[in-house]
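In what follows, a single structure is set out as structure tokens and then discussed.
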Amino acid sequence: MAIWLTKDSKVIVQGITGGEGSKHTKRMLAAGTQVVGGVNPRKAGTKVDFDGTELPVFATVAEAIKETGADVSVIFVPPAFTKAAVLEAIDAEIPLAIVITEGVPVQDSAAFWSYNVAKGEKTRIIGPNCPGIASPGASNAGIIPADITPQGRIGLVSKSGTLTYQLMYELREFGFSTAVGIGGDPIIGTTHIDALRAFQADPDTDAIVMIGEIGGDAEERAAEFIKDNVTKPVVGYIAGFTAPPGKTMGHAGAIISGSAGTADAKKVALEAAGVKVGKTPSETAQLMRDILS
């Protein structure tokens, strides 16, 4: 079993004819993902060939859902057009929209987040600025490499794409149920807490890896949730232990001010909730090995 993305998920790609969209559509198909079509209003009615697999291109997300039964959209469009693409996915009520695009203006993310809430949150938004979701052996939607790890019983939720890949590789002997890259922007659709709740409810996830980073208070809020709601073992890693105050490190949301949002403060909060926290990715992986061995 996996959370949110399974072998039965039917995926469309908004921006399927663009450079990134076409490249990763090909890769997702090779991973066994059920990609059933794409969206580009300027090329509606055409087909795109991916090594012998022809996929139809539709004018809208709603049309794609009607014709294919799609329940997941992966969005590969430039930042200037991302807001419109996400709003279209929300209006079509697709259950899951994965926003890969980096550099989306914060006001645009705020706009489609609030619009989704006003519409009843029928669409789960992952991202923006995220690597997507991988359920090894079942489906892969986004840019996470499909050959890092086999299927297993660890769930992973991460702000960082690169650290997602590293922890998947470090713990490949155990394998993963689902890895979710939620993105590191200041405003994102799905949070650590959303993923923790889903992994806690998933009978095929035995333990959870949570990767955070400096800036904001998402990890502290996740710690409170873990303390009250999660019974499965959780190990954590916070990127940015050596980051100087006031300097943005990588993601737009990864900035600390004074004592707020520091790695040490997040580590203290997580450990108070019973989470074992590593100072490096390798140390974090070893903490998980000790739990599962």
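Just so you know, we're using the working numbering here: the sequence shown kicks off at 2 and counts up by one. Glycine included, C-beta positions come from ideal geometry on N, C-alpha and C.
Item	Value
Exposure of residue 230, with buried meaning 16 or more beta-carbon neighbours within 10 Å	exposed
Same chain only: Cβ atoms within 6 Å of residue 285, ignoring 5 sequence neighbours per side	236, 238, 279
Which of helix, strand or coil DSSP assigns to residue 48	strand
Distance between residue 12 and residue 41 (C-alpha atoms, nearest Å)	15 Å
DSSP bridge partner residues for residue 11 (one or two, in chain order)	35
Nearest residue (CA-CA) to residue 130, options 108, 91, 103	103
Among 9, 282, 276, 39, nearest to residue 170 - alpha-carbon criterion	282
C-beta atoms of residue 133 and residue 144 nearer than 7 Å	yes
Ranges of the beta strand (DSSP E) found wholly within the segment 83 to 110, counting only runs of at least 3	97 to 100
Cβ-Cβ distance between residue 178 and residue 213 below 7 Å	no
Cβ contact check for the segment 18 to 29 and the segment 87 to 95: 3 or more pairs under 8 Å	no
Residue environment, residue 119, which counts as buried when at least 16 other CB atoms sit within 10 Å	exposed
Residue(s) in a DSSP beta bridge with residue 69	Answer is none; residue 69 lacks a bridge partner.
Opening and closing residue of the beta strand (DSSP E) in which residue 142 lies	140 to 143
Straight-line gap, residue 50 to residue 79 (C-alpha atoms, nearest Å)	22 Å
Selected residue, minimal CA-CA separation from residue 382, among 266, 69, 87, 20	Since the displayed the chain opens at 2 and closes at 294, residue 382 lies outside it and no answer follows.
Through-space distance from residue 216 to residue 162, alpha-carbon basis	17 Å
Candidates 38, 7, 33, of which the one nearest residue 17 by Cα	38
Span separating the alpha-carbon of residue 255 from that of residue 189	Because residue 255 carries a pLDDT of 46, less than 50, the predicted location of this residue cannot be relied on, and the following value inherits that uncertainty. One C-alpha to the other measures close to 13 Å.
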